[in-house]
Amino acid sequence: MSPTTSTDKLDYTLYLVTNSDIVPEGLNFYEQVEKALQNGVTIVQLREKNMDTDAFIDRAQKVHEITKKYNVPLIINDRVDVALAIDAEGVHVGQDDMSFEKVRQCIGIDKILGVTVNNEQHAIEAIKSNVKIDYLGIGSAYSTKTKKLTKPVLGPEGIKKILKILHDSKPEMKSVIIGGLNKYNITKTLNQCKFKNFVTNGVSVVSCIMASHDASLATRETLKSIQLAYQNENVIKMYKHPNIKNEKPLIHFVTNAVAKHFSANICIAVGGSPIMSENSQEFKYFAKIPKISFCMNTGTMLEGSVDIYKRAISEYNEQMIPIVYDPVACGATKPRRDIAKMLISHGRFSVIKGNMAEICSLAGMNGAIMRGVDSDMNLDDSKIIDLLSKFAVEMQSVIVMTGEKDFIIDGIIPTNKPRVCCISGGHALMGKITASGCALGGVIASYVAVSSYFNTFEATIDSVALYKEAGYLAGNKSKGPGSFLENFIDELYELSNKPYKISYTTIDRQF
């Protein structure tokens with residue numbers, strides 16, 4: 003079936019620009035493209051800047067056969083001769099390529115023509131031209147590793163200025179944004195750069211799909227981030243309680259010495275597979291494993307620990323793997339405070355978990371009083387929610403503040419007011435054993451490892467509620483802390499072997 007090239011019917015929502023140089027070792031370029039098409043890519047641009055003409059034509063023909071299977075247009079970057087040779091649906095040119103006037107003369111009026119604009123003047127020139135231009139590629143939104151930039155980064159404000167020009171002068175012209183975009187920043191960027199209610203028609207991505215070890219999942223997650231910005235609430239309603247025992251996620255722990263044994267046993271009890279490693283040379287290999295998450299607990303800080311933390315954050319962020327961060331006793335000493343602040347500025351975390359003093363210290367709230375890993379702070383619920391909401395949105399993370407009552411705040415999904423959940427339950431004996439708080443991080447990591455990034459909030463609620471439920475059941479049959487340890491692991495194991503059900507824990511969703 004020949005793809006439609008009628009301009010008014012083109013779907014620019016998720017625009018994939020290929021890059022064969024960044025396909026992971028052992029994976030096939032054509033398979034990456036096909037997986038992307040199978041999972042929601044709506045238009046493909048083939049970009050090969052350093053390939054001989056014959057080889058480029060051969061590759062373009064093979065890619066075109068794939069795109070035609072899914073009725074998706076193929077755009078050739080820059081090379082008009084290649085586009086004509088394979089009868090591609092269109093051509094995209096940048097400011098340093100052949101002029102768009104000459105390109106249109108060569109390809110005729112029926113083919114798709116896209117033009118890169120890097121500033122307001124470029125946009126004005128394209129809009130005022132008598133040449134039929136089907137869409138503008140606006141960028142670069144952010145810095146990117148996939149292309150050496152010769153023009154300044156626009157950022158959301160720069161994109162907004164160009165969209166204003168489009169809105170005022172030629173609102174019917176389509177546009178996409180490109181440059182450093184991925185599932186973590188697309189939703190926020192689309193909301194920041196829209197002018198009034200005028201928004202770009204799609205997002206163009208490269209590495210977040212082409213460099214992914216799971217291009218299918220990466221495509222679905224990227225598409226969800228766009229749909230969220232376009233107010234498609236079905237994205238977050240699709241969550242189902244995951245079966246951890248069936249999914250068998252791998253949880254990489256870098257945790258404190260006291261917590262290792264207990265955290266590993268708790269992780270196994272809920273269905274996860276723990277691995278303890280502080281060998282930074284392994285991290286890049288771990289990050290390529292499907293269904294993995296990283297649980298980082300900074301309770302034991304040794305010389306060299308900071309480099310280990312930073313290396314792990316970088317490797318997992320690069321592959322967009324979820325990270326659960328537990329900043330144990332981060333406010334107890336100045337070195338701990340400095341390291342915690344440095345770490346949250348170094349990378350992105352899906353979940354940040356801690357007690358009241360730890361979270362308040364991390365959020366920069368004055369007066370956080372620490373006693374070891376315990377908290378001596380008292381704040382009413384409204385102040386807690388206000389503090390957590392601001393911090394969650396700032397970090398674009400789910401924040402978990404543990405205590406007798408656990409608060410969970412969603413900073414990932416953009417809403418007028420962040421989503422809030424309060425969970426009450428558990429048992430007093432949970433506070434009488436070492437590492438009960440630390441081990442919760444591994445349970446959260448197990449749930450988020452097998453859930454969509456956009457359901458991190460729901461997955462975290464599930465894991466925290468399960469943990470409290472097991473604590474309640476174990477506490478009611480235990481004589482003291484010693485028997486509680488064994489009973490707690492058994493109860494987690496039993497609960498995880500059944501369909502998800504919470505009976506003795508109160509889950510109050512305030513949204």
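Using my numbering, read the sequence shown as starting at 3 and increasing by one per residue.
Just so it is clear, CB atoms sit at the ideal spot from N, CA and C, and this is done for glycine as well.
Opposing strand residues paired with residue i [DSSP bridges]
i: Met278; result: Phe255
i: Asp408; result: Ile425
i: Cys297; result: Phe255, Val326
i: Asn357; result: Thr404
i: Tyr241; result: Answer is none; Tyr241 lacks a bridge partner.
As assigned by DSSP and simplified to three states, the class of residue i
i: Asn21; result: coil
i: Tyr495; result: helix
i: Leu183; result: coil
i: Val205; result: strand
i: Gly116; result: strand
i: Lys176; result: strand
i: Ile414; result: coil
i: Asn79; result: strand
i: His94; result: strand
i: Ile111; result: coil
i: Gly484; result: helix
i: Tyr137; result: strand
i: Leu16; result: strand
i: Arg49; result: coil
i: Phe197; result: strand
i: Asp54; result: coil
i: Asp388; result: helix
i: Asp510; result: strand
i: Gln340; result: Residue identity check: residue 340 is Asp in the sequence provided, not Gln. The answer is helix: DSSP assigns Asp340 an H, G or I state.
i: Ala303; result: Note that residue 303 corresponds to Met in the displayed sequence, not to Ala. Three-state DSSP puts Met303 in coil, outside helix and strand.
i: Ala314; result: helix
i: Lys153; result: coil
i: Leu468; result: helix
i: Ser347; result: helix
i: Asp216; result: coil
i: Ser448; result: helix
i: Ala334; result: coil
Same chain, Cβ closer than 6 Å to residue i, five either side skipped, listed in chain order
i: Lys312; result: His348
i: Ala271; result: Ile491, Leu494, Tyr495
i: Asn319; result: Gly349, Arg350
i: Ile509; result: Ile425, Ala467
i: Ser48; result: For the record, residue 48 in the displayed sequence is Leu; it is not Ser. Around Leu48: Thr20, Ala62, Val65, Ile78.
i: Ile446; result: Val326, Val353, Thr462, Ser465
i: Leu364; result: Pro329, Cys332, Ala342
i: Glu406; result: none
Chain-order list of residues whose beta-carbon lies under 7 Å from that of residue i (same chain, five-residue window excluded)
i: Leu497; result: Leu468, Glu471, Ala472
i: Lys166; result: Phe197
i: Glu305; result: none
i: Val82; result: Val93, Met100, Val105, Cys108, Ile109
Exposed unless 16 or more other CB atoms sit within 10 angstroms - verdict on residue i
i: Gln512; result: exposed
i: Gly482; result: exposed
i: Ile238; result: buried
i: Lys355; result: buried
i: Lys226; result: buried
i: Gly366; result: exposed
i: Lys104; result: exposed
i: Lys185; result: buried
i: Asn418; result: exposed
i: His254; result: buried
i: His94; result: buried
i: Asp408; result: buried
i: Ser384; result: exposed
i: Ala370; result: Any reading at Ala370 needs caution, since the residue's pLDDT is 40, under 50, leaving its predicted position unreliable; the model's value is listed next. Flag for Ala370 reads buried.
i: Ser377; result: The predicted model places Ser377 with a pLDDT of 49, which falls under 50 and marks its position as unreliable; any figure quoted below should be read in that light. It counts as buried.
i: Lys147; result: exposed
Neighbourhood of residue i by C-beta distance below 8 Å, restricted to the same chain and skipping five residues each side
i: Lys1; result: Residue 1 is absent from the model: the chain starts at 3 and stops at 513.
i: Asn478; result: His429
i: Asn203; result: Tyr14, Thr15, Tyr137, Lys176, Ser177, Val178
Contact belief for residue i with residue j at Cβ below 8 Å, rounded distance in angstroms
i: Asn489; j: Gly439; result: Asn489 to Gly439, Cβ: 18 Å. No contact.
i: Ile246; j: Tyr72; result: Not quite, the Cβ-Cβ distance comes to about 34 Å (not below 8 Å), so this is no contact.
i: Ser480; j: Leu442; result: With 8 Å as the limit, Ser480 and Leu442 do not qualify as a contact, their Cβ atoms being about 18 Å apart.
i: Lys130; j: Leu115; result: Wrong, their Cβ atoms sit about 16 Å apart, outside the cutoff.
i: Val43; j: Leu16; result: 5 Å
i: Thr118; j: Gly92; result: Not really, about 14 Å apart at Cβ, beyond 8 Å.
i: Thr191; j: Leu230; result: In fact, because the Cβ distance is near 12 Å, the residues do not count as touching under 8 Å.
i: Ala85; j: Ile109; result: 6 Å
i: Lys290; j: Met278; result: With 8 Å as the limit, Lys290 and Met278 do not qualify as a contact, their Cβ atoms being about 19 Å apart.
i: Val256; j: Asn299; result: 7 Å
i: Ser265; j: Gly444; result: 5 Å
i: Ile410; j: Val400; result: 6 Å
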